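In the working numbering, the protein residues as written are 5 to 1088.
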């Protein structure tokens, strides 16, 4: 320990002197202090490179030494390693990796260093210094010492080498490559007579060919050096272009998207930029060659590349066709590939003439399959399966084993990719529809006003299981080697479903339309992914949730929704977020507050209309309080006094609304007029605040919107809630034109948000299961209090704890996703979805009740029905809906997005007309009908009209040509429609027969108790219920509505059950007001 401390305290010069003293064995021989074996040296240096990755100088030293070691270990044609290298050549290689020229002794110190040196000797033989690799089985150092002594003693009387046939044979046998032997023979031929050449065992006629080959190879090598110089120049220029592009992208990210980048990611980008600039300077110096150092480094790079070119062109090696014939040929390889494709295997004896189908080909089958085909062809059989494997494609083409592979590589070992596509009737139509919408928005209209939002939810995450925790699309998952410390996954997948998570990705895209290869393409210019995470068991996927999340994103990242326009003054982000949020809250409150709805309020207790209005006031207070609280947290970021004053004034408006709402009491809301008077005052304050926000002239929002989705829950255009929320979002954000277009079934992979979902998966996977049990019921209170709880209270506590865990998992998922790379090179931002009671759209429950009402009489009983009716009228006026889209347009004079029209001039190829040729109106001047060329909608309509039949080939063919769809898809869908029609007819027949049978049944034939237990009484027809009423003389409800009759029967059955359990005689009971008024009691 003391020696170690002394070593650490010694100076650099002392360490260097000690190193040079310990490595010296003699005047001309030095040994490395590296303790590892030569076979382990390369792995150790690679590990040190990873360890010192942040130390640039250290990494360059290690890279140079590693390259020298690989030169020592290099061999030709798979032979033994060279094991030696001229010292001067190694020194030059090492200097090529350094920024400055390294002195001879300094290089020697690195070479023999105890920590990172090479397992070599440095010796001088015949005035030439060499680096020789150490041998673990032979004492090379002792031999070199002995050699040095012999050379020093016999240096004076040293004689020339005696060249004869035997000595030349020994020399040739010591050479590794055929080319080296050829060079030696050619040199002897040029310096010796023909007789001497013959005496040495070389045929003179062959020597001429050797000489010609050496001359040609030398010429090729000179040309390779020239070609290497040209290639290096082109490569360096390409590298500079690539580096400049990367630097530009990083600068744009640090500039425009600074608010979207986390501090961690920002530091990574700055570090990456500095590394790129350093690399750029190094390449520019090599191109300019201003100093000797860059010239030497450039020449070394050129020589290395020239050697590679010569090696790859096989100039010095024999032709590929030389040597013995291969045991397997192309025909055998094709046979094995077909066997894999058709799942055929050969088993049993080597001469078995039977192939077995429906068996997956495995590694152990390769030998039997190859021998089966060889035996069939009458060729010699093989004994090794490796011979077969070497005909396939290697896993890693850069590996040493890959050099042994040959053939066409018709088979390989890899997981089948998920590339199978299933086209549907509407696949190409929907792709063309979205394409038209993009080109129309970003070309015809002002592209700065246009925004595309693609959103989709990823398959839910299952915390506590290994599902999705071990697979990555690219790269690997790194782990420690120690089994006791490595990451572990659970052995089972029975996770808790209540903590499942649903990450939903929003991809905001802005771009431009460009002509690429005579075709218009939409090119992305700005592309940002935002992710919202919600617990699947507590927050479902609905139109209200998606719309609330989108508004929350707007409040957190408003620049995504704002137009890219230059302004004299740009308000800070914190103030813009606050203003947008307050505006949306106040606007929606004003829009929802209608006098006709308020006038429905009555003084009766439990008035649902009053509860609705009070809930709206509470919602307003909660939303404004959250907005003010968020602004107070970010207010410290404001520097300009003007911005601070604006924020303070807006807070004053909010406080005024709070003060007015705090005065609401029983007197204020005792009747509709009093409540409306109060709400009018609140509306005045809201209008004042909205006017103040409008006077600030914030950056305008994009008002031409394309929402690309699949047809999943909460995003489908057939969902009424989605339709309402889209209209409300359009009004809140003042969208002039909005399209929501679905991808076709089985084509959701084309949705841009799918790539965001893949990026989410990459961000979440780390080799461990996601933890979910953060809290336990016993953690909330002490053990004594917990034991006092009842069973019901414990269950309630467990449910609350599970919900806390679910939201905690959401926060964990957000922390993993936030700041990770997105699909477009952006940095994803993530947020947790608001809880149900904090959602922006508070009236979802009333909206469902309103739409559930089948008649106008039932609709007017729903609070807020006048507001919903207003939205209905806007939908009828401003929105057109089709099979897989709806389009909202405020100005009806503005032409709609051109929907696809088939280009029949290009039949039999299926193409749609380009955007500029797609008509909006029919030949008579009227606008086209919705879905006039949508294949699925038109096929369903024609089938309903009996205008097309699956057995009528002519009608099917005509439909295919008109709507450009494949015939097999049309027939398949017609068969599906026929099946649905058949099932519908069967249900009608069965229902009619059942009704006839029930009409002839008496009351005793029905199992009323079973209907009561299963809850199917309300599904029975009125005539069936009347049988029970007549049987038990429930005359009070004889002429009542069905719901009252069901209630009376349920009450009567309950009474009968309780009476039978108590053993009392059954006393019939009449239900209804008339019975109560006559008897004054509940029983007769």
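Even glycine gets a Cβ: it sits at the ideal position worked out from N, Cα and C. Since we're looking at a predicted model, the values are computed, not measured.
Looking only at its own chain, which residues have a Cβ that is under 8 Å from the Cβ of residue i, when we skip the five neighbours before and after it?
i            : result
residue 821  : 507, 535, 537, 764, 767, 768, 832 and 834
residue 1069 : Residue placement at residue 1069 cannot be trusted, given a pLDDT of 48 that sits under 50; the coordinates are not used to answer.
residue 979  : 954
residue 793  : 801
Is the beta carbon of residue j closer than 8 Å to that of residue i?
i            : j           : result
residue 91   : residue 120 : no
residue 34   : residue 41  : no
residue 706  : residue 455 : yes
residue 244  : residue 284 : yes
residue 395  : residue 337 : yes
residue 854  : residue 863 : yes
residue 2    : residue 600 : No information on residue 2 is available, as it lies outside the stretch 5 to 1088 that the chain covers here.
residue 906  : residue 977 : no
residue 88   : residue 49  : no
residue 401  : residue 373 : no
residue 1026 : residue 998 : no
residue 840  : residue 543 : yes
residue 725  : residue 546 : yes
residue 541  : residue 774 : no
residue 434  : residue 747 : yes
residue 548  : residue 735 : no
residue 605  : residue 593 : no
residue 588  : residue 837 : no
Can you list, in chain order, the residues of its chain with a C-beta nearer than 7 Å to that of residue i? Leave out the 5 residues immediately preceding and following it.
i           : result
residue 232 : 306, 309, 310 and 313
residue 441 : 710, 743, 745 and 901
residue 443 : 517, 524, 526 and 919
residue 642 : 576, 578, 579, 648 and 651
Counting C-beta neighbours from all protein chains within 10 Å, is the total for residue i 16 or more, i.e. buried, or is it exposed?
i            : result
residue 636  : exposed
residue 785  : exposed
residue 65   : buried
residue 162  : A caution first: residue 162 carries a pLDDT of 47, below 50, which makes its placement in the model unreliable, though a value can still be read off. Its Cβ having fewer than 16 others within 10 Å, residue 162 is exposed.
residue 281  : exposed
residue 856  : exposed
residue 342  : exposed
residue 1082 : Any reading at residue 1082 must be qualified, since the residue scores a pLDDT of 34, below 50, and its modelled position is unreliable; the value itself is stated next. It counts as exposed.
residue 408  : exposed
residue 750  : exposed
May I ask which residues mark the beginning and end of the beta strand (DSSP E) holding residue i?
i           : result
residue 744 : 741 to 746
residue 454 : 454 to 461
residue 519 : 505 to 520
residue 533 : 523 to 539
residue 125 : 124 to 129
residue 88  : 88 to 90
residue 135 : 132 to 137
residue 498 : Run containing residue 498: none; DSSP gives neither H nor E here.
Looking at the unbroken alpha helix (DSSP H) that takes in residue i, where does it start and where does it end?
i           : result
residue 298 : 296 to 316
residue 872 : 869 to 882
residue 712 : Taken as a continuous stretch (DSSP letters only), residue 712 belongs to no alpha helix (DSSP H), being part of the beta strand (DSSP E) at 708 to 713.
residue 225 : 208 to 259
residue 43  : 42 to 55
Short of 6 Å in beta carbon distance, which residues of its chain neighbour residue i, apart from the five on each side in sequence? Order them along the chain.
i           : result
residue 111 : 95 and 98
residue 397 : 413 and 416
residue 781 : 801, 802 and 805
residue 883 : 890 and 892
residue 757 : 458, 459, 460, 509 and 511
residue 778 : 809 and 812
residue 849 : none
residue 299 : 293
task = Would you mind listing the alpha helix (DSSP H) stretches within the segment 800 to 866 that are 4+ residues and don't spill past its ends, in chain order?
result = 848 to 856 and 860 to 863
key: Length-filtered (3 minimum) beta strand (DSSP E) runs lying within the segment 323 to 374   = 348 to 350 and 359 to 361
ask   = Fully enclosed by the segment 573 to 645, which alpha helix (DSSP H) runs are 4 residues long or longer?
value = 577 to 596, 599 to 602 and 612 to 638
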